[in-house]
Structures are given as C-alpha cells and as structure tokens.
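Enquirer:
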Amino acid sequence: MSAQLRAAGALGPVARRVTLRAIRPYHSQLPTGGLQRTEHASRALRRSMRFPANSYHNAVIVRNASFIRLLPKLALKFARIPALFGTMMIGGVAWIQYQAIQVSNSAQEVFGNVRDTVTTTASGLWGSAVDIAEQTKRGWDNTKEEFELPEWLGNLFKSEGGPEGGNNNGSGPGRPEPPKKARMGAAVGASAAAYGYDDAAEEDDRTPEEISKDDQMMYMTKMMIEIRNLLQKVGQSSTVSLPSIVVIGSQSSGKSSVLEAIVGHEFLPKGNNMITRRPIELTLVNDPKVSADYGEFPDLGLHRITDFSLIQKNLTELNQSVPERECVSDDPIRLTIHSPRVPDLSLIDLPGYIQVAGENQPRELKRKISELCDKYIRGPNIILAISAADVDLANSTALQASRRVDPRGERTIGVITKMDLVDPEKGAAILSDKQYPLRLGYVGVISRAPQQTGLFKRDTGALLRQISKNEKSYFSTHPEFGPDSGVNIGTVTLRKKLMHVLEQQMSSKLQDTTAAIQRELEETSYQFKVQYNEEPMTAEAYLAASLDDFKHAFKRFASSFGRPQMQQLLKEALDQRVLDQLAAKYWNKPIEDLSPAPFEPENIADLPKADPDSQFWHMQLDTATSALTRLGVGRLAATVVANAIQANVDKLVNKSTFAKHPSARQVINEAAATVLADRSYTTSDGIEFSLKPYKYEVDIQPQEWSQGRDHVAGVLKMELDQCQRAMGNLENSVGGKRKLKEVMNFVDKARKGEIVVEGETRNGAGGFSAALLQKGREAVFLRDRADIINMRIMAVKSRQCKSLENKYYCPEVFLDAVATKLTQTSVLFLNVEMLNDFYARFPREVESKLGEQMLGGGLERFASEDSRIRRHLDLIRRKELLELVLSKIEGLRRFHRADDDVAGAHDYHGHGHRAYNGNLGKKSSSSSGSGSSRGRFGF
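Residue numbers (the UniProt record's numbering): 1 to 939.
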C-alpha cells in the first residue's frame with residue numbers, strides 16, 4: 001500500500017465512489033494481468049478505505065504500476081530488434097563484398113588498360129621529344145650555314161665549343177655534318193593520328209622524312225576529296241569525277257565492323273534483317289582542331305552530332321524509311337565525320353550481298369542488291385572487298401563481284417576479317433596473295449573488339465585502341481604473321497593502305513579530270529553567254545526584284561482603292577439587305593404546296609390607296625427599318641471590305657512573279673489576313689458604336705430622299721432582271737415555255753380553289769410529276785414577284801413617292817436612304833481604323849514573313865520554283881563550281897611544284913635520302929631524290 005494513500009486519511013468522496021462503480025463493469029470484462037490488473041487492485045484498495053471529504057482538494061493522487069510482469073516481454077521485444085538489424089547488416093555486407101569483387105576485377109582490367117596507354121603515350125612523347133631535339137639541332141646546323149652570324153654571337157658559339165670540341169661535328173673532329181633536308185616540320189605529323197598510332201598499340205617507326213611525306217600526302221588527299229565533293233555538286237557527267245572507296249561484302253563478312261574500326265566509333269546500324277537499304281556516302285575529315293569527334297548529315301541540316309549513338313539511330317531510321325516492297329534504294333545517305341584521329345577518306349558503304357532471300361523478304365532482293373553494288377563498283381572507284389577468313393575465297397561474293405568489273409584486280413583491296421577464327425597457317429596463306437592475286441594485295445584484320453565484362457561500359461571512342469591491342473596480342477603470338485612474313489595485317493595497316501591507294505588513284509585520274517573540267521567550263525560559259533547574255537543572277541537578287549515589283553503594284557492598288565470604293569461595296573451589300581426586308585415585309589412568299597392561297601387583308605397592291613394612318617403599314621416600315629439598323633452593320637462592313645482587300649491582294653499576286661511560287665503566295669495571303677484580322681473586331685465595334693443613334697430614329701433629309709428614290713429604282717430593276725432570268729432558266733429546264741405555262745395554269749387553279757388537290761404524292765398530281773409541279777410553283781412565285789416589282793418600280797417613279805412625307809407609301813425609298821446613311825457613317829471608321837492601318841502594316845508584314853520562310857535553305861527553294869530562274873541559277877552555279885575546282889587543282893599544282901623544287905634542291909647538293917614510294921611505308925633508296933613521286937599528278 002502506498003504511503004501517500006495512507007497519508008490521505010479521510011479522503012473518500014461519494015462522487016468518487018459513484019464514478020468507480022459506474023466503470024466497474026467495464027473493467028470486469030478485461031483480462032486480468034499486466035497494467036490493467038495492477039490498476040484494478042489499486043482501485044479496490046481505495047474503495048475499502050474511507051477518507052474525510054474535507055481533505056479531497058489537498059490529496060495527491062498517484063497511479064501505482066508494477067513493471068515486474070512486463071520485464072520479460074519487453075526484454076524479448078528489445079532482443080528481436082538487434083537480431084533484425086544484425087541480419088540486415090550481414091546481408092548488406094555480403095552484397096557489398098560481391099560488388100567489391102566485381103569492381104576489383106573491372107578495376108584491374110581498367111588499370112591494365114590505363115597502364116598500357118600511359119606507357120605507350122609516355123614512350124611516344126619521349127620519342128617525339130628526342131626527334132624534335134634532333135631535328136631542331138639539324139635545322140639549326142643547316143640554317144646557321146646559310147646566314148652570317150653576328151660577331152658577338154659567333155664568339156659565343158666558339159667559346160661554347162670550337163673545332164676541337166667536336167660537339168658540332170657529324171663524322172669526326174673538325175669535319176662539319178652534311179646538311180640534311182631543312183625544316184622538316186614537327187616530328188610527329190598529322191598523319192600519325194590519322195593512321196591511328198595515337199590510339200593504337202603499335203609504335204610509329206617512320207622516319208621524319210616519311211612523316212613529312214605522309215603529311216604532304218594527307219594534305220593533297222584532303223584537297224582532292226574537296227575537289228571530289230565539288231564535282232559531285234557539278235552533276236551529271238561521269239568524266240568529271242574522282243574515285244571513292246566502295247565497301248562491299250556479304251552480310252556476315254564483318255563489313256560494318258571494318259568501317260567502324262577505320263572510323264574509331266560504333267555508328268552503323270545493327271540488326272538481323274537487312275538493316276542497310278541505302279548507300280551511305282561517308283566522308284572522313286581529319287581536323288586536328290576539334291576537341292570532340294562529331295558527325296554531320298549535310299542533306300538533312302544536322303550538324304555537330306557528338307553522340308554517335310544518335311548518328312546510329314538516324315542512320316537506322318533513314319534506312320528503314322525505304323519500303324520493304326522496294327527492297328533497296330539508290331538514294332544515298334551522306335554523312336561526314338570530323339575527327340583528329342581519322343584519315344581523309346571518301347567511303348561508300350553498300351548493302352551486304354545475300355545468297356537467298358528470307359521468308360519475309362522480296363524475291364528480287366538479291367538481284368536489286370547486286371545491281372546497286374554494280375552501279376558503284378565501276379571505275380574509277382576503288383573496291384574494298386570484305387571477306388571472312390572462315391569462308392573460302394572461292395565463295396566470296398565480294399571478290400566475285402569485283403572480278404566482274406576489275407578482272408585484273410587493279411582497283412581492288414582485299415580485306416580478310418575474323419583472322420582469329422582460322423589456323424595461323426591458313427590465314428597467312430590467304431594473305432600471301434597467291435591463289436586469288438590482287439594488285440593492291442590483302443590485309444588481315446580482327447576488327448571486332450573483344451566483349452568487355454564488368455560494371456564499366458566500354459568507351460566507344462577508344463574502339464581503335466581496343467581493336468589494335470586485340471590484334472597485336474593475337475598476331476604477335478604467331479610467327480606466321482611476323483615482320484618477315486611479307487603479309488599485311490592490322491587495322492592501322494589497312495588505314496595506311498586506304499589513304500595511299502586513294503591518293504594514288506585520285507592523282508592518276510586528276511589530269512583526265514582536269515581536261516574534262518576545262519571542256520565542261522567552256523561549254524557552260526558558252527551557254528551562259530548565249531542564253532542569258534552573261535547576266536548575273538542570285539536567289540537574293542531575284543527575291544528582292546520580285547518583292548519590289550509586288551510593292552509597286554500594291555502601291556498602285558492603294559492609290560486606287562479608298563473611301564469611294566469601300567462605300568460602293570458596302571452599299572451594294574446593304575442593298576441586298578434592303579431587298580431582303582422588302583421581301584419579308586411587303587412582297588409575296590414562296591409557294592409551299594397546292595393548297596388554296598390564304599386571304600390577305602393588307603396587300604401590297606393596295607398600298608398606294610391605303611389609309612395614311614394605317615397602323616399596319618406604319619408597323620411594317622418601322623420593323624423593317626429596325627431590322628436593317630440592327631443587323632450588325634459593323635461586322636458586315638468590316639467583312640465586306642476585308643474580303644475585297646483580300647481578293648485584290650490575290651489578284652496582285654497572280655499578276656506578279658510570286659504566282660509561280662505557291663509557298664510565297666500563301667505567305668502573302670496569310671500576311672494580308674493577319675493584318676486585316678487584327679483590326680477587324682476593333683473596326684466593327686467602332687462602327688456599331690457610331691451607328692447606335694440610328695437604331696432608335698433615322699432622320700432623312702429631302703436630298704437624301706431624292707437620291708434614294710433614284711437609286712432604289714435601279715436596284716428594283718436589277719432584281720426584276722434576276723427574276724426574269726430565273727424564269728427563263730425554268731422554261732429551259734422543263735422543255736419550253738408552253739410546257740411550263742401548262743403547269744403554272746394547273747398551280748393557279750389549285751391556288752384559287754378551282755381544283756381540289758388532296759395532297760401531292762411522289763408521283764405528282766393532275767398528270768404532272770412531282771418535280772414538274774415543284775418547278776411550276778417556282779415559276780408562279782417568280783411571275784408574281786416580277787409583277788410586284790414592276791408595280792413598285794412604277795410607284796417609286798410616281799408623284800406620290802416624290803415627297804418625304806409619303807415614306808409609308810414608299811418603303812423602298814426610305815430603306816434605301818437609311819442604308820445610304822449607314823454606309824456613309826461606316827466608311828469613315830473603315831478608312832481610319834482598317835484601310836490606312838492595312839496600307840501601313842501590310843508591306844512590312846510581307847517582308848517579315850517572307851524573311852522567316854527564306855531561312856534554312858528556303859531562299860534556294862524559292863528561286864528554284866521558277867523554272868526559268870532555276871535554269872539560270874543552275875548554269876551560274878555550275879560555272880562557279882567548275883571555276884572553283886580548277887582553282888583548287890591549280891593550288892595542288894603549285895604545292896606539287898614547290899615540293900619538287902625542295903626535293904630538287906636537296907638532290908643538287910648530292911645527298912640521297914629515303915623516299916616514300918607509295919607502298920605502305922616501304923622504303924627504297926633513290927639517287928634521284930623525289931623522282932618516285934614526280935609527275936604522279938600528271939602535271
């Protein structure tokens with residue numbers, strides 16, 4: 001028992017006991033045990049003790065609870081938590097250990113690759129630095145012999161090392177070193193990166209002279225590829241062309257892998273079912289200035305795509321755009337790739353040969369692929385025939401196709417892929433070029449990079465490095481492919497061969513191409529003089545002249561279209577509304593059926609003799625006037641004038657040179673509609689606001705009444721003429737006036753009740769067809785309408801309608817005068833709010849919209865829409881391209897002459913050097929210096 005409860009003494013209020021009794025049954029239902037059992041015992045103790053009521057407010061009530069029974073359960077619960085965390089920790093540690101093992105394996109492989117790369121790079125840099133130092137020393141030795149040094153500088157060199165020092169002797173004390181070829185350039189030229197030495201596992205073993213030669217060859221190849229691209233734009237003549245490298249092979253020969261190895265990126269479409277359906281004209285541009293490789297689709301306007309997976313996606317979509325029923329297309333896809341690590345090459349990738357068409361492929365697929373390839377492998381193009389090493393060369397589709405167009409093998413390079421899938425002896429025998437000889441030989445490659453496993457994805461930009469490393473690891477372990485084997489192996493070797501062969505083939509064709517270009521230029525110049533009198537023309541000048549002519553025509557229209565013209569247009573529109581009100585309130589109604597005509601107590605024929613105070617005729621005129629003023633004159637006026645302006649603009653376009661250009665015509669019309677729409681709502685609101693007083697009362701002056709009287713007579717006469725023309729058309733449609741009159745007599749009798757017609761049927765009535773009865777009702781209506789109009793014309797011209805006081809007898813005159821007042825008021829706002837704004841904004845809007853359309857090649861498309869201008873521009877463009885090609889060829893001549901002069905100067909000094917003979921890095925001694933390369937351009 002708690003001591004505090006004992007000290008409470010006399011506490012024991014009745015209310016407390018009552019409350020405890022009330023909740024007692026609830027507690028009796030709870031299970032005994034735990035906190036509830038302890039609390040129940042405490043309350044029972046309080047009930048057994050009686051406390052004084054006067055001490056209740058001083059009592060401190062404390063709840064006693066015993067946790068002894070709870071400790072085991074709490075301990076068990078708390079014990080489970082560490083076990084749970086422990087299990088999770090063990091699982092996490094196991095997973096981390098597994099991932100660490102994977103990362104370790106990948107990291108070891110990456111570390112090995114990085115170590116090899118760093119070692120190769122360091123060796124290359126050290127060798128480059130040594131070469132730079134040696135060449136700098138030789139260059140200084142050559143230079144200081146040609147120039148006289150100042151005395152103080154000569155003394156300085158003598159003090160550093162005189163004749164006795166031997167530091168500047170080449171072959172002995174006191175003997176100067178023979179001068180070498182001066183100023184050879186950098187030791188590591190641009191050709192090193194183009195060949196792939198920077199990314200490959202091979203070392204650049206070329207001499208500085210060979211590097212200089214290769215750099216010169218790269219420069220000339222680049223210029224000739226530019227000339228070739230220009231010649232492609234010139235057009236149709238096959239004689240005006242330079243060769244490209246055409247890649248052919250079966251679908252499983254590894255053709256795509258070879259191209260990707262040459263480029264150094266995975267970018268070609270991949271798939272199992274005929275992915276390549278169009279030729280891909282691939283131009284590689286060696287650009288040392290770019291920091292990241294990128295590709296361009298010039299025909300599509302896509303530039304500087306650095307993500308080669310996006311290039312692959314675009315190529316896939318462009319190939320898949322060819323319908324399956326067409327199999328393949330000869331429309332090429334042009335792709336240009338810029339990189340400091342690619343050679344300057346012009347390649348054409350064609351669809352792979354197939355032996356048998358698949359189930360879902362057209363039967364003529366094999367034939368169409370063969371025809372497409374035959375079109376491209378004709379001379380002077382170079383054929384890159386891809387064959388797999390595990391397939392007998394006798395069954396090579398690529399070699400069979402090349403033999404048909406190049407039987408002597410003078411333009412064919414054989415590439416043997418998958419060299420690691422055959423025995424080294426067999427592979428070396430294939431490359432030995434004995435069974436199926438080619439003048440340009442074979443090159444064996446393993447162009448597919450090994451599959452990389454682990455957490456890290458392979459860098460596609462290092463594709464050449466991985467392939468070269470894989471090739472070196474394989475070829476270096478087999479002596480059949482050693483240095484003395486005489487076979488060409490490796491992707492780097494293939495790159496070098498392609499560069500040299502392309503340069504040689506282009507050089508051999510350049511002289512013939514130059515003569516053909518000169519003949520083409522002479523013919524083009526003659527045609528330009530005869531047809532166009534040598535008149536210059538550009539797309540910009542044509543657009544400017546067309547726009548100026550259109551502006552002058554628009555200015556003439558603006559001076560002839562003003563307030564009088566708008567007033568006439570709007571008055572004609574309101575005249576039709578006046579006629580509508582007259583027809584609704586005064587004239588006869590169309591005949592719907594053949595039932596008797598209802599009786600009309602007030603007839604228009606009785607109007608001239610009607611009571612002047614007749615409420616009926618007063619109400620008719622008042623309602624017609626109210627309907628005319630409340631019909632929405634503001635919107636009607638804005639619409640009528642806008643339509644008239646739009647129609648006149650369209651006429652101006654039809655008479656201008658823009659009539660031959662649908663896109664420009666649409667732009668001009670849209671410009672006019674835009675300007676008119678901008679002011680249409682504002683103008684209509686302003687007109688409605690100005691016409692608001694006329695909606696309650698229209699004050700007509702005598703002069704306005706007189707003018708309206710004269711004008712409405714002409715309007716009624718034109719309406720009468722229309723009724724008579726319509727009647728004539730009905731007579732012609734039923735077969736003559738007599739036939740129509742018979743039908744009209746039947747309709748008149750039915751309308752008068754002389755003939756009872758119990759409803760018309762589809763077969764008609766009274767011996768007339770339903771269609772004939774319909775025309776008869778129309779003829780009766782037109783006859784009655786013409787009679788009414790004739791009567792009203794006579795009434796308007798009568799003395800009764802001469803006075804304004806008789807306006808209820810002459811509703812036509814009054815409504816016409818009201819329409820004239822509405823027209824005059826509306827024209828004021830139209831002239832200020834719409835017409836003047838249109839004349840100011842429209843020319844600027846046309847210039848702006850045409851300028852937007854001419855962006856992105858739109859100007860050339862615009863000029864080419866006119867056949868006469870297109871022929872003129874094509875002739876000028878052809879002439880300019882031919883002149884540009886000749887200027888570039890002349891630049892090649894000057895470069896070659898300068899190279900020959902330098903080589904001849906060194907030959908004059910009698911110092912032989914190792915000259916490149918154009919056969920893949922092989923060297924030969926030449927007493928004539930550059931004689932092996934002299935004249936290769938035919939200059």
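Every residue, glycine too, gets a C-beta built ideally from N, C-alpha and C.
In chain order, what residues of the same chain lie with their CB nearer than 6 Å to the CB of Val846, ignoring the 5 residues before and after it?
Expert: Mapped onto the sequence shown, residue 846 falls at position 846. Closer than 6 Å at the Cβ level, and outside the excluded window around Val846, lie Ile668 and Ala671.
Enquirer: Measuring straight from C-alpha to C-alpha, what distance separates Lys368 and Arg408?
Expert: Position 368 of the sequence shown, counted from the start, is the residue given in the question as residue 368. Position 408 of the sequence shown, counted from the start, is the residue given in the question as residue 408. Straight-line Cα distance between these residues: approximately 25 Å.
Enquirer: Of the choices Lys879, Ile90, Leu892 and Leu859, whose alpha-carbon is the least far from that of Glu540?
Expert: In the sequence shown, counting from the first residue as 1, residue 540 sits at position 540. When each option's Cα is compared against that of Glu540, the closest is Leu859.
Enquirer: Alpha carbons only, please: which of Leu438, Pro380 and Gly764 is nearest the one belonging to Leu393?
Expert: In the sequence shown, counting from the first residue as 1, residue 393 sits at position 393. For Leu393, the nearest C-alpha among the options comes from Leu438.
Enquirer: Could you tell me the alpha carbon to alpha carbon distance between Gly857 and Gly301, rounded to whole angstroms?
Expert: Translated into the one-based positions of the sequence shown, residue 857 becomes position 857. Translated into the one-based positions of the sequence shown, residue 301 becomes position 301. Taken atom to atom, the span from the alpha-carbon of Gly857 to that of Gly301 is near 9 Å.
Enquirer: Over the uninterrupted alpha helix (DSSP H) stretch that includes Phe616, give me the two end residues.
Expert: Sequence index remark: in the sequence shown, residue 616 carries index 616 (1-based). Looking at the DSSP string, the run of the alpha helix (DSSP H) that includes Phe616 is Gln615 to Thr629.
Enquirer: Between which residues of its own chain and Glu146 is the CB-CB distance below 7 Å, once the five residues before and five after are set aside?
Expert: In the sequence shown, residue 146 corresponds to position 146, counting from 1. Low local confidence applies: a pLDDT of 42 at Glu146 is under 50, so the model's placement there is unreliable, and no value is given.
Enquirer: On a Cα-Cα basis, can you pick out the residue from Val492, Leu835 and Ala429 that is closest to Arg679?
Expert: The residue you call residue 679 lines up with position 679 of the sequence shown. Minimum Cα distance to Arg679 is reached at Leu835.
Enquirer: Around the C-beta of Tyr696, are 16 or more other C-beta atoms found within 10 angstroms, so that it is buried, or is it exposed?
Expert: The sequence position of residue 696 within the sequence shown is 696, counting from 1. Tyr696 comes out exposed.
Enquirer: So the candidates are Glu704, Asn806, Leu830 and Val743; which of them puts its Cα closest to the Cα of Ala817?
Expert: On the sequence shown, position 817 is the one that residue 817 refers to. For the residues Glu704, Asn806, Leu830 and Val743, the minimum Cα distance to Ala817 belongs to Glu704.
Enquirer: Less than 9 Å between the C-beta atoms of Asn319 and Thr276, yes or no?
Expert: Taking the sequence shown and counting its residues from 1, one reaches residue 319 at position 319. Taking the sequence shown and counting its residues from 1, one reaches residue 276 at position 276. Yes, the Cβ-Cβ distance between Asn319 and Thr276 is below 9 Å.
Enquirer: With a Cβ-Cβ cutoff of 9 Å, do Pro279 and Asp344 count as a contact?
Expert: Indexing the sequence shown from 1 puts residue 279 at position 279. Indexing the sequence shown from 1 puts residue 344 at position 344. At a Cβ-Cβ threshold of 9 Å, Pro279 and Asp344 do not count as neighbours.
Enquirer: How big is the Cα-Cα spacing for Ala659 and Leu547?
Expert: Taking the first residue of the sequence shown as 1, we reach residue 659 at position 659. Taking the first residue of the sequence shown as 1, we reach residue 547 at position 547. Whole-angstrom Cα-Cα distance: 12 Å.
Enquirer: Counting only the same chain and skipping the five closest in sequence on each side, list residues whose C-beta sits under 7 Å from that of Ser402.
Expert: Stepping through the sequence shown from its first residue, residue 402 is reached at position 402. Only Ile377, Ile383, Ala385 and Thr412 meet the Cβ criterion.
Enquirer: Please check the pair Gly249 and Ala398, which I expect to be a contact at CB under 8 Å, by giving their CB distance rounded to whole angstroms.
Expert: On the sequence shown, position 249 is the one that residue 249 refers to. On the sequence shown, position 398 is the one that residue 398 refers to. So it is a contact: roughly 5 Å between Cβ atoms.
Enquirer: Given the structure, does Arg563 come close to the ligand HEM, in the sense that its CB is under 8 Å from one of the ligand's heavy atoms?
Expert: Of ligands this structure carries none, so the ligand HEM is not represented either.
Enquirer: Can you give me the C-alpha to C-alpha distance between Leu372 and Gln355, rounded to a whole angstrom?
Expert: As a position in the sequence shown, residue 372 is number 372, starting the count at 1. As a position in the sequence shown, residue 355 is number 355, starting the count at 1. Near 15 Å, if we compare the C-alpha coordinates of Gln355 and Leu372.
Enquirer: Which value, in whole angstroms, describes the spacing of the CA atoms of residue 1027 and Gly634?
Expert: Given a span of 1 to 939 for the chain in the structure shown, any question on residue 1027 remains unanswerable.
Enquirer: Please classify Lys375: is it buried, with 16 or more other beta-carbons within 10 angstroms of its beta-carbon, or exposed?
Expert: By one-based count along the sequence shown, residue 375 stands at place 375. The residue is exposed, with fewer than 16 neighbouring Cβ atoms inside 10 Å.
Enquirer: Below 6 Å CB to CB, which residues in the same chain sit around Asp299 once its five sequence neighbours on both sides are set aside?
Expert: In the sequence shown, residue 299 corresponds to position 299, counting from 1. Same-chain partners within the cutoff: Arg334.
Enquirer: Along the alpha helix (DSSP H) that carries Val445, what are the first and last residues, could you check?
Expert: Taking the sequence shown and counting its residues from 1, one reaches residue 445 at position 445. According to the DSSP assignment, Val445 belongs to no alpha helix (DSSP H), since it is labelled neither H nor E.
Enquirer: Taking the alpha carbon of Phe689 as the point to measure from, which residue in Leu740, Asp721, His872 and Thr825 has its own alpha carbon closest?
Expert: The residue labelled residue 689 in the question sits at position 689 within the sequence shown. Of the candidates Leu740, Asp721, His872 and Thr825, the one whose C-alpha sits nearest the C-alpha of Phe689 is Thr825.
Enquirer: Since I believe Ala624 is in contact with Gln581 (beta carbons under 8 Å), could you give me their beta-carbon distance rounded to a whole number of angstroms?
Expert: The residue labelled residue 581 in the question sits at position 581 within the sequence shown. The residue labelled residue 624 in the question sits at position 624 within the sequence shown. The Cβ separation is near 4 Å, so the contact holds.
Enquirer: Which same chain residues end up closer than 7 Å to Arg630 when comparing Cβ atoms and leaving out the 5 residues on each side of it in sequence?
Expert: Reading the sequence shown from its first residue, position 630 is the one you call residue 630. Lys695, listed in sequence order.
Enquirer: From Tyr442 to Gly352, what does the alpha carbon distance come to, in whole angstroms?
Expert: On the sequence shown, residue 442 is found 442 positions in, with the first residue counted as 1. On the sequence shown, residue 352 is found 352 positions in, with the first residue counted as 1. Taking the straight line joining both Cα atoms gives about 20 Å.
Enquirer: Decide if the segment 772 to 779 is in contact with the segment 739 to 751; the criterion is three or more beta carbon pairs, one per stretch, under 8 Å apart.
Expert: yes
Enquirer: Counting only runs of 4+ residues fully inside the segment 686 to 743, write out the alpha helix (DSSP H) ranges in chain order.
Expert: 702 to 734
Enquirer: Count the other CB atoms, across all protein chains shown, that sit within 10 Å of the CB of Ala863; report buried if there are 16 or more and exposed otherwise.
Expert: Within the sequence shown, the letter at position 863 stands for residue 863. Result: buried.
Enquirer: Taking Cβ positions only, does Gln724 come closer than 9 Å to chain C?
Expert: No chain C appears in this structure, which consists of one protein chain only.
Enquirer: Suppose the cutoff is 8 Å on Cβ atoms and the five residues either side in sequence are ignored; what does the same chain contact list for Lys821 look like?
Expert: Residue mapping note: residue 821 aligns to position 821 of the sequence shown, counting from 1. Around Lys821: Tyr694, Val698, Ile700 and Glu704.
Enquirer: To the nearest angstrom, report how far apart Arg341 and Leu315 are at their CA atoms.
Expert: To locate residue 341, count along the sequence shown from 1; it is residue 341. To locate residue 315, count along the sequence shown from 1; it is residue 315. Taking the straight line joining both Cα atoms gives about 22 Å.
Enquirer: Please report the residue range of the beta strand (DSSP E) in which Thr316 lies.
Expert: Counted from its first residue, the sequence shown places residue 316 at position 316. Looking at the DSSP string, Thr316 is not in any beta strand (DSSP E); the run it does join, the alpha helix (DSSP H), is Phe308 to Gln320.
Enquirer: If you follow the alpha helix (DSSP H) that Thr493 is in, where does it begin and where does it stop?
Expert: Counting from 1 along the sequence shown, the entry for residue 493 is found at position 493. For Thr493, the enclosing alpha helix (DSSP H) starts and ends at Thr491 to Tyr532.
Enquirer: Provide the residue(s) that pair with Ser250 in DSSP beta bridges, ordered along the chain.
Expert: Against the sequence shown, residue 250 aligns to sequence position 250. Its beta-bridge partners are Tyr353.
Enquirer: Does the separation of the CB atoms of residue 942 and His338 fall below 9 Å?
Expert: In the structure displayed, the chain extends from 1 to 939; residue 942 sits before or after that span and is not available.
Enquirer: Could you give the first and the last residue of the continuous beta strand (DSSP E) run that contains Ala388?
Expert: Counting from one through the sequence shown, the residue named residue 388 turns up at place 388. From DSSP, the beta strand (DSSP E) with Ala388 extends over Ile382 to Ala388.
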